[in-house]
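Trainee:
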Amino acid sequence: MTEMQKLYLLVPLAPLAGAAIAGLFGWLVGRAVSHWVTIIGVAVSFFASVLIFQDVMAGHTYNGSVYTWLTMGDTRLEIGFLIDRLTTLMMLVVTFVSLMVHIYTIGYMQEDPGYQRFFSYISLFTFSMLMLVMSNNFVQLFFGWEAVGLVSYLLIGFWFTRESAIYANLKAFLVNRVGDFGFLLGIGLVLAYFGSLDYATVFARAPEMANHTISLIGGQTWPLLTVICILLFVGAMGKSAQFPLHVWLPDSMEGPTPISALIHAATMVTAGIFMVARMSPLFELSETALSVVMVIGAITALFMGFLGVIQNDIKRVVAYSTLSQLGYMTVALGASAYPVAIFHLMTHAFFKALLFLAAGSVIIGMHHDQDIRHMGGLRKYMPITWITSLIGSLALIGTPFLAGFYSKDSIIEAVGLSHLPGSGFAYFAVVAGVFVTAFYSFRMYFLVFHGPERFREHLGHGHGHDGHGHGGEPHESPFVVTFPLVMLAIPSALIGYIAIEPLMLGDYFQNAIHIAGSHPAVEELGKEFPGAAAMALHAVTTLPFWLAAAGVGLSWFFYLKRTDIPEKIRARFSVIYAILDRKYGFDEFNDWFFAGGARMLGRSLWKGGDVAVIDNFFVNGTARLVGRISSLVRHFQSGYIFHYAFAMIIGVFVLMTLFVKG
Amino acid sequence: MSGLPLLSLVIWVPIAAGVAVLATGSDRNAGLARVLALIGAVAGLVVSLPLYTQFDAQQAGMQFVEISPWIETFKVTYHLGVDGISMLFILLTSFTTVLVVLAGWQVIEKRVAQYMAAFLIMSGLMNGVFAALDGILFYVFWEAMLIPMFLAIGVWGGPNRVYAAVKFFLYTLIGSLLMLVALIYLYSKSGTFEILDFHRLPLSMTEQVLIFFAFFMAFAVKVPMWPVHTWLPDAHVEAPTGGSVVLAAIMLKVGAYGFLRFSLPIAPDASHALSGFIITLSLIAVVYIGLVALVQADMKKLIAYSSISHMGFVTLGIFIFNTYGLEGALVQMVSHGFISAAMFLCVGVLYDRMHSRQIADYGGVANRMPIFAAFFMLFAMANSGLPATSGFVGEFMVIMGSIKANFWYAFLAASTLIFGAAYTLWMVKRVVFGAVANSHVEQLNDVSPREFLVLGLLAVAVLGMGLYPLPFTEVMHQSVSNLLSHVAQSKI
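If you read the sequences in order, they're chains A and B. For the first sequence, the numbering used here assigns the number 1 to the initial residue and increments by one for each residue that follows. For the second sequence, the numbering used here assigns the number 1001 to the initial residue and increments by one for each residue that follows.
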């Protein structure tokens, strides 16, 4: 094993070791050791990732196996790593955000009795996510895929005595399983037709399978790759919370805030985006699948944004914004702009982790009150949280020069260059989404940090778990909380400016991402690219910029200037408000149709099939039949004369009828 | 290869230990009975280990063969041997027996010696079922292993145990008799009871179909396949924990094993012709039973239905006739042995404390029993087929195999990803999570060191097999490909 290979192994194993120590021996070693051992584990992982990044940039990619997991007949399934430019970028993002979240957790969870368990889980999550992104085959991808789902389940239900939390985590797991159902079938078709689950082998054979068709229903044939890609994308819809499998993400806010930042904003939910980018050699061969991806992404980007407008829970506003931004990434994938999607994934990871952690800091300051209507004017009390939140919000809405601007603007441009069916709608959705995003982001920002200080009437009524003391004015959070905010604010501001050039000129990903010649969006973007500074200056003349500005302006007008207007609008458009408030009715429908339907079906199969037909009719029936015949016979021997007489008369009637008719 | 008659040892060591335990007599010597039983169970495990370590994975045929005349008039022989298909089940049986002895250590207070003896003797007899290569010898072990199980349910069972035992008996009786008829017919055609000779015996299609159905009745009841499954939930509910563990972990497997040892090789043409029928029943088991499991209020019933659903994967994997499916079925059988044993033991841990199996009587157990909750969570995830647990491996392989046969088989089978998670985790939510539900839950104590050992051993097995299943499949490749090529040849 070479030095680099040892380093590759170290990246996932260091967090795993931390998770094992904190999880199995946390009760023995105590709180401080538990957080140190996990933080050191993730830090080691991060620095190893930096070294690997440098090595990969020097031109050393790696594709090799660690051990043979299983042989099925002649098929070998390996656990192994593919280290290329896509992987190494993901490794950096995952380990960096994870490290920040680990540090932040010391402050956020300091009084929670499940302290060690929490550290164990987030390190285990980091391990799972790294195994997912570093995989060189579909099986290990599925491992990581399900493992992050498991840890997400454990963390959403971290406060397991709360009914809402254990409802949310079950829902999240099951909705993800619906996605995994499609994903596993997609993997199955890959194995059945390609005879391998190794990326390199499958991708190499993909072009020759491009014209292969399979028949699914009756005699209808489908292009094989379209079926495979759509099934794989169903998996991505689950993990990356795309319509209509988005329903789990808002409820996952029941988990502690650090994991909302790590799992439900920065990393796990991006697994679907990463997977599609990784599978670009397959998706590029099916325009139907790309169209589906783009339309689903567009629906998510726009319609989930609307829901953010009416949320009052600080974390839920950020959660809907995450849904919407994941929709942007998906649209970019559909437009074959994989590098742009990954670019937005990266910038979003920084500013969304920042926004979540800042929201957590506000929640600490507000003594665990999460209702933005109860806040206001917090900038005086929480200056670091305020400034970093402002940077995060500006980055999110796409302010020129900040990170989100470069990635989001590139997405809009790329979609504009796409000619696939659905690209017109997608373009409208991503452009309109800019206004919506700016509006709800600054609605939250103004309500929390500016305006009158409403918290005095509400302090002491804070909900949430016990722990931090109640009462008193909001206060700035401790250093372990503000330090990660600052560390995340820096890339939120700068990473776009730095990274746009290598990404746009198209040489960063090299052969890690494959784009067919017939999908020139990224290439054209690269040709038109005028340089990072010029791009930002030029933006002032474009529609998205003014839409964002209008969104900020309108929210300022509604929530700081004329605070009576939103209430009037709500009253005037109560139907629309009701639809948004019920989240388009998906939750009710799913609860009624799927959950209720499955229970009803189960009950009727059980009572009707097992109990009534099989047990009562067949099993007990045999015995009962004997009993019934004997009891019938017994009835005839009742001993009463009129019974016999009655029977004789009936008998004569029957005989006469037969004879007469005959 | 050592000169020891290993297969005889794995059969007779536990039986001899059982007889010795029985000899300790009344409950005054309960302590001695327990120690003797543990020694016997561990000795049984120790003598079965060489079956794996000395197994030649390159060889497809029978190994560790022992043969000697038994009833010469009818050419019945005492013929034992294992191949890559049966060997793992002997290990699984011996391993499970150790767990059952440990699990019953303090819980069983009356008739300790008889209880321990029943399970030791059952262990030897079940090993006999997997090792027998003579039809009559197989039949004798097959019938004999039921006696200790009837006793276990009848003596140490719940209030409704007589109904459950009779139902089990009714189901089993018809199947067993038909199997005996089939064996005698095969004897009359071939002049021998050698199973391996039956494999080579040419048979017409009509004969094959009749023989197939005769065996089918015996094996389908044991698996159990839908619609002859309704004895299982009742038997589990009434059985003591140890009985449930052996029932789920081993006894269900003898049915599927029977398909592999008898139905497929003896009636290959009928097996192919009727595969659609079996696959349909298997998929009904996966989907229908998955939905039924969802609405169970009794934890043991829920796990029993879950077992039926998981065994649907086994029969599906066998009857799609490809390597992935067949190896997947075998892996699923071993894995289900671990997981169902673990799930029943977990319910046993709760039952011993609360004397209730109703989900509604629990809630918030994790508050009082965090270590138990962690184990329960692990096994529940394994039951839901989470990767890195053994539960994933078999399901994955069978789904991969069935997609080769027909996309829609895989589609229906993969629905277990959703249903399996739904019924298992919904139970976990209601039992383990939440606030402490009542004063009984409030008084719960976490697992004892003995319970920790039992669950810990199973946790190692479940995770080990999930992370590194290669050692399990390596030994079966040759026998499986041999079986598949045998089944591919027509006998008509």
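The C-beta atom is built at its ideal place from N, Cα and C for all residues, glycine as well.
Ser-291 (chain A): which of A:Tyr-584, A:Ala-332 and A:Leu-170 sits nearest, CA to CA?
Mentor: The candidate whose alpha carbon is nearest that of Ser-291 (chain A) is A:Ala-332.
Trainee: Less than 8 Å separating the beta-carbons of Leu-1425 (chain B) and Ser-1390 (chain B)?
Mentor: No, the pair does not count as a contact, with Cβ atoms beyond the cut-off.
Trainee: Between Arg-379 (chain A) and chain B, is there a C-beta pair that is closer than 8 Å?
Mentor: It does not; no Cβ of chain B falls within 8 Å.
Trainee: DSSP has Asn-312 (chain A) in a bridge; who is on the other side?
Mentor: Per DSSP, none; premise fails for Asn-312 (chain A).
Trainee: Determine the chain A residues that contact Ile-1403 (chain B) at a beta-carbon separation under 8 Å, and present them in chain order.
Mentor: Per Cβ cutoff of 8 Å: Leu-185, Gly-188, Leu-189, Leu-191 and Ala-192.
Trainee: Could you tell me which uninterrupted alpha helix (DSSP H) segments, each at least 4 residues in length, are contained entirely in the region 1007-1068 of chain B, listed from first to last along the chain?
Mentor: Entirely contained in the region 1007-1068 of chain B, the alpha helix (DSSP H) runs reaching 4 residues are, in chain order, 1030-1053.
Trainee: Counting only the same chain and skipping the five closest in sequence on each side, list residues whose C-beta sits under 7 Å from that of Phe-53 (chain A).
Mentor: Here the set comprises Thr-88 and Leu-92.
Trainee: Give the range of the beta strand (DSSP E) segment to which Met-1397 (chain B) is assigned.
Mentor: Not the beta strand (DSSP E): Met-1397 (chain B) falls in the alpha helix (DSSP H), residues 1390-1405.
Trainee: Taking a Cβ distance cut-off of 7 Å, strictly less, list which residues of the region 1418-1442 of chain B are near chain A, in chain order.
Mentor: Hits within the stretch, in order: Ile-1418, Ala-1421, Ala-1422, Leu-1425, Trp-1426, Lys-1429, Phe-1433, Gly-1434 and Ala-1435.
Trainee: Would you please state the rounded distance, in angstroms, between the beta carbons of Ile-1121 (chain B) and Pro-1148 (chain B)? I believe it to be under 8 Å.
Mentor: The Cβ separation is near 5 Å, so the contact holds.
Trainee: Rounded to whole angstroms, what's the CA-CA distance from Ile-1359 (chain B) to Ala-1297 (chain B)? Just pull it up for me.
Mentor: Computed Cα separation, rounded: 6 Å.
Trainee: Would you call the region 1235-1255 of chain B in contact with the region 1332-1342 of chain B, where contact means no fewer than 3 C-beta pairs closer than 8 Å?
Mentor: They touch, by the three-pair rule.
Trainee: Give the residues from the region 1446-1476 of chain B that approach chain A closer than 9 Å (Cβ to any Cβ), ordered along the chain.
Mentor: Going along the region 1446-1476 of chain B in chain order, one finds Leu-1467, Tyr-1468, Pro-1469, Leu-1470, Phe-1472, Thr-1473 and Glu-1474 with a Cβ nearer than 9 Å to chain A.
Trainee: Give me the chain A residues within the contact set of Glu-1327 (chain B), using Cβ-Cβ distance strictly less than 8 Å, ordered along the chain.
Mentor: Within chain A, the residues near Glu-1327 (chain B) are Met-72 and Gly-73.
Trainee: Terminal residues of the continuous beta strand (DSSP E) containing Gly-1081 (chain B)?
Mentor: Unbroken beta strand (DSSP E) run through Gly-1081 (chain B): 1076-1082.
Trainee: Scan the region 1329-1346 of chain B for residues whose Cβ lies nearer than 9 Å to a Cβ of chain A and list them as they occur along the chain.
Mentor: Listed by position, the residues of the region 1329-1346 of chain B near chain A (Cβ gap below 9 Å) are Val-1331.
Trainee: Output the boundary residues of the beta strand (DSSP E) element that contains Pro-223 (chain A).
Mentor: That run of the beta strand (DSSP E) goes 221-223.
Trainee: Measure from the C-beta of Val-11 (chain A) to each C-beta in chain B and report whether the shortest distance is under 8 Å.
Mentor: It does not: the Cβ of Val-11 (chain A) has no partner Cβ on chain B nearer than 8 Å.
Trainee: Cβ closer than 9 Å: which chain A residues qualify as neighbours of Met-1354 (chain B)?
Mentor: Residues of chain A passing the Cβ test: none, with the nearest at roughly 19 Å.
Trainee: Between the alpha carbons of Val-1464 (chain B) and Phe-1130 (chain B), how many angstroms are there, rounded?
Mentor: One point to set straight first is that residue 1464 (chain B) is Gly, not Val, in the sequence displayed. Cα to Cα, Gly-1464 (chain B) sits roughly 24 Å from Phe-1130 (chain B).
Trainee: Along chain A, which residues have their Cβ under 9 Å away from the Cβ of Ile-1121 (chain B)?
Mentor: The contacting residues do not exist; Ile-1121 (chain B) stays about 29 Å from chain A at best.
Trainee: Along the chain, where does the alpha helix (DSSP H) that runs through Asn-1127 (chain B) open and close?
Mentor: Per DSSP, Asn-1127 (chain B) belongs to the alpha helix (DSSP H) from 1112-1131.
Trainee: Can you tell which of A:Glu-501, A:Lys-380 and A:Glu-523 has the C-alpha that lies nearest to the C-alpha of Ile-536 (chain A)?
Mentor: Position check: residue 536 (chain A) holds Ala in this sequence, whereas Ile was assumed. Closest option to Ala-536 (chain A), Cα to Cα, is A:Glu-501.
Trainee: Within 8 Å of any Cβ in chain A, is that where the Cβ of Phe-993 (chain B) sits?
Mentor: Nothing about residue 993 (chain B) can be read from this structure; chain B reaches only from 1001 to 1492.
Trainee: Please classify Tyr-1139 (chain B): is it buried, with 16 or more other beta-carbons within 10 angstroms of its beta-carbon, or exposed?
Mentor: Looking at its Cβ environment, which holds 16 or more other Cβ atoms inside 10 Å, Tyr-1139 (chain B) is buried.
Trainee: Per DSSP, which one or two residues make a beta bridge with Asn-63 (chain A)?
Mentor: Answer by DSSP bridge pairing, in chain order: A:Leu-82.
Trainee: Using DSSP with H/G/I as helix, E/B as strand and the rest coil, what is Leu-1417 (chain B)?
Mentor: Three-state result, Leu-1417 (chain B): helix.
Trainee: Of all the CB atoms in chain A, is at least one closer than 8 Å to the CB of Ser-1415 (chain B)?
Mentor: Yes - at least one Cβ of chain A is within 8 Å of the one on Ser-1415 (chain B).
Trainee: Scan the region 1240-1267 of chain B and note each continuous beta strand (DSSP E) run of 3 residues or more that stays entirely inside, going in chain order.
Mentor: Fully enclosed beta strand (DSSP E) runs of 3 or longer: not present.
Trainee: Starting from Ile-1399 (chain B), find everything on chain A with Cβ-Cβ shorter than 7 Å and list it in chain order.
Mentor: Near Ile-1399 (chain B) (Cβ distances below 7 Å), the residues of chain A are Leu-184 and Gly-188.
Trainee: Would you call the region 265-275 of chain A in contact with the region 335-345 of chain A, where contact means no fewer than 3 C-beta pairs closer than 8 Å?
Mentor: Touching, yes, given that three or more Cβ pairs across the two stretches are closer than 8 Å.
Trainee: Could you have a look at Thr-1473 (chain B) and say whether DSSP puts it in helix, strand or coil?
Mentor: It is helical.
Trainee: Hey, how far is the Cα of Leu-1203 (chain B) from the Cα of Pro-1265 (chain B)?
Mentor: About 11 Å.
Trainee: Check distances from the C-beta atoms of the region 198-223 of chain A to those of chain B and list, in chain order, the residues that come in under 8 Å.
Mentor: The residues in question are Ile-214 and Leu-216.
Trainee: Under three-state DSSP, which class holds Arg-1357 (chain B)?
Mentor: Three-state DSSP puts Arg-1357 (chain B) in coil, outside helix and strand.
Trainee: Take Gly-1003 (chain B) and list the residues in its own chain whose beta-carbon comes closer than 7 Å to its own, dropping the five residues that flank it on each side.
Mentor: For Gly-1003 (chain B), where only same-chain residues beyond five positions count, there are no Cβ hits under 7 Å.
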